[in-house]
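Chains as they are written, first to last, in my numbering: chain A, 1 to 235; chain B, 236 to 470. Beta carbons: idealized from backbone N, C-alpha and C, even for Gly.
Protein chains: 2
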Amino acid sequence: MALDKTLIAGLPAFAGCDDDALDAVLVQARSSHVAKDTEVFAQDGEAKFFFLLLSGHIRVVRTSPEGDQVIARYINAGELFGIAITMGRSTYPASAIAAVDCVVLSWPNSVWPDLQSRVPAFEANTYKTIGNRLQETQARVVEISTQQVEQRIAHTLLRLVKQSGRKTADGIEIAFPITRQDIAEMTGTTLHTVSRLLSAWEDQGIVRGGRQKVLVTDAHALMLVAENRRKNSDR
Amino acid sequence: MALDKTLIAGLPAFAGCDDDALDAVLVQARSSHVAKDTEVFAQDGEAKFFFLLLSGHIRVVRTSPEGDQVIARYINAGELFGIAITMGRSTYPASAIAAVDCVVLSWPNSVWPDLQSRVPAFEANTYKTIGNRLQETQARVVEISTQQVEQRIAHTLLRLVKQSGRKTADGIEIAFPITRQDIAEMTGTTLHTVSRLLSAWEDQGIVRGGRQKVLVTDAHALMLVAENRRKNSDR
DNA sequence: CGCGTGCTTGAAATACATCAACGATAGTGG
DNA sequence: CCACTATCGTTGATGTATTTCAAGCACGCG
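So, in structure tokens, the structure goes:
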């Protein structure tokens, strides 16, 4: 059964593509369901496909030779991922794990050259995506190198809430389950330190925690923390 | 006067380009000299050109809103840099400063679409470059997040020596002037810590320091440090 | 020769990790 | 439906790697 182009029309990845282009892209794609906590692909595995997330949230994890894990990013619905091929790589540089049940489109790498020539807008958007990720990653290096843990966690939380926030009666909450350990792996610290800081912020009415849940109740106050601009009396 | 294609033939950036392609690329380029400690372009400045380093060494520096500096990378002869345009950016994300006197080729951004269509190999190689930098940057995030300062500095030194090493009678030395402060800005630490560790390594006969100079005399021992595999008695 | 820039090295301070123990939550299976 | 268990979270006490503060030194350029 053919996939309907309304699935992907309007996504940034296909900005500027006309209907024919969308059809050309879709006819080569295959959609599949990925259960929570299941790998879409594994680090160092042969990169046979590239992907688009239709719904859900995916965690991209790099494991160091020593076995330490770092979360490179979270993928939101509408984003491309596993696009190693477009950078001339033959293996995936990280693992991708479904944070919740997901639906993904996948293309075999072999169709990339064809798509590239037939749908230039898609090609350009893909490179833009990579460029953005390079920017973000370099910004992260600056952050880790120059700021202390408290600011890093605050920034990370603000980013998560901005990119994947869900409005609730009491504030904005991160739209997928996330543990203290996950936050630690995004910020280069330990779950203990994350837990302590979240508890402190909870006392100050900035956030509200929960098992695999973070709800930001006072985004403005959190911004002040991120920029280290609170008065000492606030602590 | 036209530039000679022997200048750039054989560079990885032009792998697979035939003579006509090289001419097409070169005829649009302009070469210029950049004095030591001079900026090639400035962070947040409008990205009007992209560049290729013909000779010398260039330091790419990102400055955070708070004024902290981080060295994103060093560019060696033969590498492309300032390629913001290819990622859909209109400003440079970092500054580029000549670490020594340099010779660079530059192209106005406006020729990119033309080059892209007429020299596909050049285009593909450019994207490969960006992909490699994304990989490296992500690896750096993992390193900063999981390893301690000593290992990070050791790794960084090994990388510098590998990419820009110059063989001497007593070992391999970094081929351009680099201060302790520079090394600190590459590893997310302070010049004091760098200085202390280099001094300690000098006592152990692993490196030899000097004003704006580092000479690695025992790369193997430095590797053991990088992997934290020394016996305690070594310290 | 003097001055700026880079380097060294001690002593004190601290942010954060580590160690350790316990408490809470949610899913599972009887 | 409730007990069981795995996973996740909290929080105190202790330890330490690294920064910060401070001072003096050395190299090389004009």
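For chain B, is any of its Cβ atoms less than 7 Å away from the one on residue i?
i	result
Ser110(A)	no
Lys162(A)	no
Ala72(A)	yes
Ser90(A)	no
Ile144(A)	yes
Thr193(A)	no
Asp182(A)	no
Arg230(A)	no
Leu134(A)	yes
Lys128(A)	yes
Asp44(A)	no
Arg140(A)	yes
Asp203(A)	no
Gly131(A)	yes
Asp68(A)	yes
Gly210(A)	no
Gly188(A)	yes
In its own chain, which residues sit with a C-beta less than 8 Å from the C-beta of residue i, not counting the 5 before and 5 after it?
i	result
Val119(A)	Cys17, Ala21, Ala24, Val25
Ala42(A)	Tyr92, Ser95
Asn76(A)	Leu53, His57, Gln163, Ser164
Classify residue i as buried or exposed, calling it buried when 16 or more other Cβ atoms lie within 10 Å of its own Cβ.
i	result
Gln147(A)	buried
Glu46(A)	exposed
Ser117(A)	exposed
Asn125(A)	buried
Ser164(A)	buried
Thr91(A)	exposed
Val27(A)	exposed
Gly423(B)	buried
Ala389(B)	buried
Thr168(A)	exposed
Thr137(A)	buried
Arg230(A)	exposed
Arg133(A)	buried
Arg415(B)	buried
Arg62(A)	buried
Asp19(A)	exposed
Ala15(A)	exposed
Go ahead and pull the three-state DSSP assignment for residue i.
i	result
Pro343(B)	strand
Glu274(B)	strand
Arg229(A)	coil
Leu289(B)	strand
Ser31(A)	strand
Ile153(A)	helix
Gly82(A)	coil
Phe357(B)	helix
Val449(B)	strand
Thr168(A)	strand
Gln416(B)	helix
Tyr127(A)	helix
Ile441(B)	coil
Gln373(B)	helix
Thr190(A)	coil
Gln147(A)	coil
Ser325(B)	coil
Phe411(B)	coil
Ala244(B)	coil
Between which residues of its own chain and residue i is the CB-CB distance below 7 Å, once the five residues before and five after are set aside?
i	result
Ala333(B)	Val269, Ala270, Lys271, Asp272, Thr273, Val275, Gly291, Ile293
Glu420(B)	Gln304, Val305, Ile306
Glu385(B)	Leu432, Val460
Ser199(A)	none
Val194(A)	Ile153, Arg180, Ile183, Ala184
Under a CB-based cut-off of 7 Å, is residue i close to chain A?
i	result
Ser299(B)	yes
Pro348(B)	no
Met322(B)	yes
Arg353(B)	no
Pro328(B)	yes
Gly317(B)	no
Arg394(B)	no
Val384(B)	no
Thr372(B)	yes
Gly251(B)	no
Could you tell me if the beta carbon of residue i falls within a distance shorter than 6 Å of some heavy atom in the ligand FMN?
i	result
Asp44(A)	Only the bare structure without any ligand can be found here, which leaves the ligand FMN out of the picture.
If you drop the 5 nearest sequence neighbours on each side, which residues of the same chain put their C-beta closer than 6 Å to that of residue i?
i	result
Arg308(B)	Val295
Glu173(A)	Arg166, Leu215
Ala175(A)	Ser164, Arg166
Check: With contact counted as at least three CB pairs below 8 Å, one residue from each stretch, are the stretch 123 to 137 of chain A and the stretch 78 to 90 of chain A in contact?
Finding: yes
Next item on the list: Take every Cβ of the stretch 333 to 348 of chain B, pair it with every Cβ of the stretch 132 to 147 of chain A, and state whether three or more of those distances are shorter than 8 Å.
Entry: no
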